[in-house]
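Participant: So my numbering is basically just the index in the sequence shown, starting at one, shifted up by 3. Think of the CB as a built atom: it goes at the ideal place given N, C-alpha and C, for glycine as much as any other residue. Sharing a structure, written as structure tokens. Questions coming.
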Amino acid sequence: MAMMEGDLPDQAAAESGLSPEDDLLIDVISRDGRVLWFNEAQAELLGTYDHEIVGYDAAAFYAPDCFAQIQQILRNRTRSEHGATMELTLLARGGRPIRTLARARFVRFNGEICLRLAKMDYGPVGTRYRQMEDDFRTLQAMLATSNEAHWGIVFLEPVDTTLPKSEVIRQVFENQSVWRMCNPAMSRIYQLPESVDFNEQDVRLYWPRSAANEKFVEEIINSNYAIDDALSVDRRHDGTLQYILNDVRADIVDGFLLRLWGNCRDVTEQRHADDEKANALKLAIRALDGMPDPVIVLDAEGRVLNRNKAYATAFSGSRTVETQLLAFVRTRRRASGWSLFTNPGGPGPSVLLDVHIRKISGMDGETWTIITVREREPHVPKRASRQPKRP
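Put into structure tokens, the structure is as follows:
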């Protein structure tokens, strides 16, 4: 960033041509970093005057990182390099930043070699740029401190969403893509070491192509690229699988998918717990199906959870009997034990049933009712002493 010394203008030429354009902001800085001169436009913009600023440290009028660039130019001036163009931020009264595009060159001023900075105010463009920078910094801070994991995938090769679904899915996994805006919470979910930046990792390393994830992408497509609670099966940093629920949105321009983004939650433990419950329920159903007596299971609200094979065989064509049986159980005073049930009001011959009721603790501690049924011939009288053996 050093300047070309070359044929520096003499003092008269410099003084007569320091401010040829009214719309440029120009100052002259000495080799030791002190202000020697402002043109009228810069003095007015910064709210100061020539006699107030001469000899001041130029660092007072530039953002720290910008003044560091100016110091580097002053230190590294050689005859072999051209003048530099750079972005510099001026500081007006109250520290208000003014973004500029600057052109630096060396001139002679009052007989000494000095640095001349001619700057163009970005104006509304600069204001908009500052707003975008502020918004971006705010967004970065929100992501960095959020306990919710956020992620983004940018497709360096955009995906053509107008193609058949199978081809779109292929491109999602095979087109070049990169992670963007993945926050620390995302790294925690995937158990990355603190020294590893999620955004620099290969997308396929943590989100591999698989049948489950192809289904995940298909769900995104079917939802018109806006879906909540979509399940993907990803890899942690150590290679173990985990189940992730994702809320996904997309940016599509002219039919091309440019990026996907969303937030996610690790539901691996819940999924394993659900699988264990499902397996336990399958075992329970198998055990019930092995029983010779008809059995029906109700949940805490009285809804039917399961009918075993013996029950389905005995009462498959008698929905009326089941309805009356369930009404009998709900209104019965005794919470457990054997009792006699009959449906004299039902169609056809009366049905006599010995019914056993037992309360147990089911899934998630919910109370289940196990109803065991034994059919009795209508002509056999009930004896008070008779109690069928419990199954």
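Please confirm whether L142 has its beta-carbon closer than 7 angstroms to some beta-carbon of chain D.
Facilitator: Given the protein chain composition of this structure (a single chain), no chain D is represented.
Participant: Pull the bridge partners of Y209 from the DSSP assignment, please.
Facilitator: Paired residue(s): none; Y209 is not in a bridge.
Participant: What does R252 pair with, by DSSP beta-bridge criteria?
Facilitator: A229 and W264.
Participant: Consult DSSP for A87 and reduce its assignment to one of helix, strand or coil.
Facilitator: Coil, per DSSP.
Participant: For the stretch 48-65 against the stretch 87-104, are there 3 or more C-beta pairs whose distance is under 8 angstroms?
Facilitator: Taking 8 angstroms as the limit for Cβ pairs, the verdict is that the stretch 87-104 does touch the stretch 48-65.
Participant: Shortest alpha-carbon distance to S180 belongs to which of A290, T88, W154 and K285?
Facilitator: Closest by alpha carbon: W154.
Participant: Is the CB-CB distance between V162 and L260 below 7 angstroms?
Facilitator: Result yes, Cβ atoms of V162 and L260 sit closer than 7 angstroms.
Participant: With D26 and F41 assumed to form a contact (beta carbons below 8 angstroms), what rounded beta-carbon distance in angstroms separates them?
Facilitator: The pair is not a contact, with the Cβ atoms about 15 angstroms apart (cut-off 8 angstroms).
Participant: Taking only the alpha-carbon atoms, compute the straight-line gap between S83 and A105 and give it to the nearest angstrom.
Facilitator: At S83, the pLDDT of 41 sits below 50, so the modelled position is not reliable; the number obtained from the coordinates is stated separately. Approximately 20 angstroms, taken between the alpha carbons.
Participant: Can you list, in chain order, the stretches of the beta strand (DSSP E) that have 3 or more residues and sit fully within the stretch 61-139?
Facilitator: Within the stretch 61-139, the complete beta strand (DSSP E) runs of at least 3 residues are 88-94, 100-112 and 115-124.
Participant: Alpha carbon to alpha carbon, how far is E78 from R133?
Facilitator: Reading the sequence as shown, one finds Arg at residue 78 and not Glu. Those two C-alpha atoms are separated by around 30 angstroms.
Participant: So if DSSP puts T370 in a beta bridge, which residue, or which two residues, is it bridged to?
Facilitator: Per DSSP, S364.
Participant: Quick one: measure Cβ to Cβ for A233 and V251, integer angstroms, because I've assumed they're closer than 8 angstroms.
Facilitator: 6 angstroms between Cβ atoms; contact.
Participant: Rounded to whole angstroms, what is the Cα-Cα separation between N113 and M189?
Facilitator: Computed Cα separation, rounded: 60 angstroms.
Participant: I363: buried (16+ other C-beta within 10 angstroms of its C-beta) or exposed?
Facilitator: Flag for I363 reads exposed.
Participant: When the distance is taken between beta carbons, is I360 closer than 7 angstroms to S339?
Facilitator: Yes.
Participant: Specify the secondary structure class of N216 as computed by DSSP and reduced to three states.
Facilitator: Helix.
Participant: Below 8 angstroms, how does it come out for the stretch 299-316 and the stretch 325-334: are there three or more Cβ pairs, yes or no?
Facilitator: Yes, since at least three Cβ pairs between the stretch 299-316 and the stretch 325-334 fall closer than 8 angstroms, the two stretches touch.
Participant: To the nearest angstrom, how far is the alpha carbon of E222 from that of V175?
Facilitator: Each residue's Cα considered, the two are about 13 angstroms apart.
Participant: Return yes when the Cβ of W210 is within less than 7 angstroms of the Cβ of D254, no when it is not.
Facilitator: It is not a contact, given that the beta carbons lie outside the stated cut-off.
Participant: Compute the distance between the beta-carbons of I413 and A61, then report whether it is under 7 angstroms.
Facilitator: Residue 413 lies beyond the stretch modelled for the chain, which goes from 4 to 394, so this question has no answer here.
Participant: Measuring straight from C-alpha to C-alpha, what distance separates R377 and V324?
Facilitator: Cα to Cα, the separation comes out at about 13 angstroms.
Participant: First and last residue of the alpha helix (DSSP H) that includes S169?
Facilitator: Start and end: K168 to E177.
Participant: Please determine, among T243, N311 and Q273, the residue with the shortest C-alpha to C-alpha distance to Y193.
Facilitator: Out of T243, N311 and Q273, T243 has the C-alpha closest to the C-alpha of Y193.
Participant: Grab the span of the alpha helix (DSSP H) containing E43 for me, first residue to last.
Facilitator: First-last of the alpha helix (DSSP H) with E43: E43 to L49.
Participant: Does the beta-carbon of F139 have 16 or more other beta-carbons within 10 angstroms, so that it is buried, or is it exposed?
Facilitator: Answer is exposed; the Cβ neighbour count stays below 16.
Participant: Drop a sphere of 10 angstroms on the beta-carbon of V110, count the other beta-carbons inside from all chains shown, and report buried for 16 or more, exposed for fewer.
Facilitator: It is buried - the Cβ of V110 has at least 16 other Cβ atoms within 10 Å.
Participant: What are the complete beta strand (DSSP E) segments, minimum 3 residues, inside the stretch 270-337?
Facilitator: Counting whole runs of 3 or more residues, the stretch 270-337 contains the beta strand (DSSP E) stretches 298-301 and 307-310.
Participant: If we call anything under 7 angstroms between Cβ atoms a contact, is R131 one with R119?
Facilitator: Contact: no.
Participant: How about R34 and G58: are their beta carbons less than 7 angstroms apart?
Facilitator: No.
Participant: By DSSP, does E221 sit in helix, in strand, or in coil?
Facilitator: Correct three-state label for E221: helix.
Participant: Identify the continuous alpha helix (DSSP H) that holds S190 and give its terminal residues.
Facilitator: Element bounds for S190: P187 to I192.
Participant: Identify which residue in L343, L166, Y314 and N202 has its Cα closest to the Cα of G258.
Facilitator: When each option's Cα is compared against that of G258, the closest is L166.
Participant: Between the stretch 285-292 and the stretch 263-273, are three or more C-beta pairs nearer than 8 angstroms?
Facilitator: Because the criterion of three Cβ pairs below 8 angstroms is not met, the stretch 285-292 and the stretch 263-273 do not touch.
Participant: Taking the beta strand (DSSP E) that T345 falls in, what are its first and last residues?
Facilitator: From DSSP, the beta strand (DSSP E) with T345 extends over G340 to T345.
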